[in-house]
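Structure first, commentary second.
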Amino acid sequence: MLKQVSILLDLVIYSEVIKQKELWLDSKAFQIKKGG
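When you read off a place in the sequence shown, starting at 1, and then add 66, the result is the number in the numbering used here.
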């Protein structure tokens, strides 16, 4: 039971990290498009 919970937490944290990374990459790409 506890193991399943920790796996779930890992997945939630992982997806949050991915979202943050994508947002960060989007803003970087946006800056580059604007010309640095």
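The beta carbon of each residue, even a glycine, is placed where N, CA and C say it ideally should be.
* Ignore the nearest five residues each way along the sequence and tell me which others in residue 68's own chain have a CB closer than 6 angstroms to its CB. => Residue 68 sits at position 2 when you count from the first residue of the sequence shown. Excluding residues within five positions, none has a Cβ falling inside 6 angstroms.
* To do: Report the rounded CA-to-CA distance for residue 72 versus residue 82, giving the unit in angstroms.
  => Locating residue 72 in the sequence shown gives position 6, where the first residue counts as 1. Locating residue 82 in the sequence shown gives position 16, where the first residue counts as 1. Inter-residue distance for residue 72 and residue 82 is about 15 angstroms (C-alpha atoms, whole angstroms).
* Taking only the alpha-carbon atoms, compute the straight-line gap between residue 84 and residue 95 and give it to the nearest angstrom. => Within the sequence shown, the letter at position 18 stands for residue 84. Within the sequence shown, the letter at position 29 stands for residue 95. Taking the straight line from one Cα to the other gives about 16 angstroms.
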